[in-house]
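Participant: Quick one: the structure is below, questions incoming.
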Amino acid sequence: MNYIDLKDKSEAELVAMLKEKKLELFTLNAKQKTMQLTNTSELRVAKKDIARIQTALTAARSK
């Protein structure tokens, strides 16, 4: 996911994507705690995606 893809989306779409990514991060954290997560780099990717979405939301709200 790139910021370029996000900046054209509406605020409602970004909020929905943010909720989805936060839920994904929660499940990945739970899997890591129970030793079921094999690829731990997914956590880092999910966190960065959340940050990108929040940046796009801030930009959309300031317009």
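Counting in this note's numbering, the sequence shown runs from 31 upward without gaps. Ideal Cβ positions, reconstructed from N, Cα and C, are used throughout, including at glycine.
Drop a sphere of 10 angstroms on the beta-carbon of LYS63, count the other beta-carbons inside from all chains shown, and report buried for 16 or more, exposed for fewer.
Facilitator: exposed
Participant: Does the Cβ of LEU53 have 16 or more other Cβ atoms within 10 Å, making it buried, or fewer, making it exposed?
Facilitator: exposed
Participant: With 16 other CB atoms within 10 Å as the buried threshold, where does LYS51 fall?
Facilitator: buried
Participant: Report, in whole angstroms, the separation of the C-beta atoms of LEU87 and GLU41, which I expect to be a contact under 8 Å.
Facilitator: 7 Å
Participant: Can you grab the Cα-Cα spacing for the pair SER71 / SER92, in whole Å?
Facilitator: Rounded to the nearest whole angstrom, the CA to CA distance from SER71 to SER92 is 32 Å.
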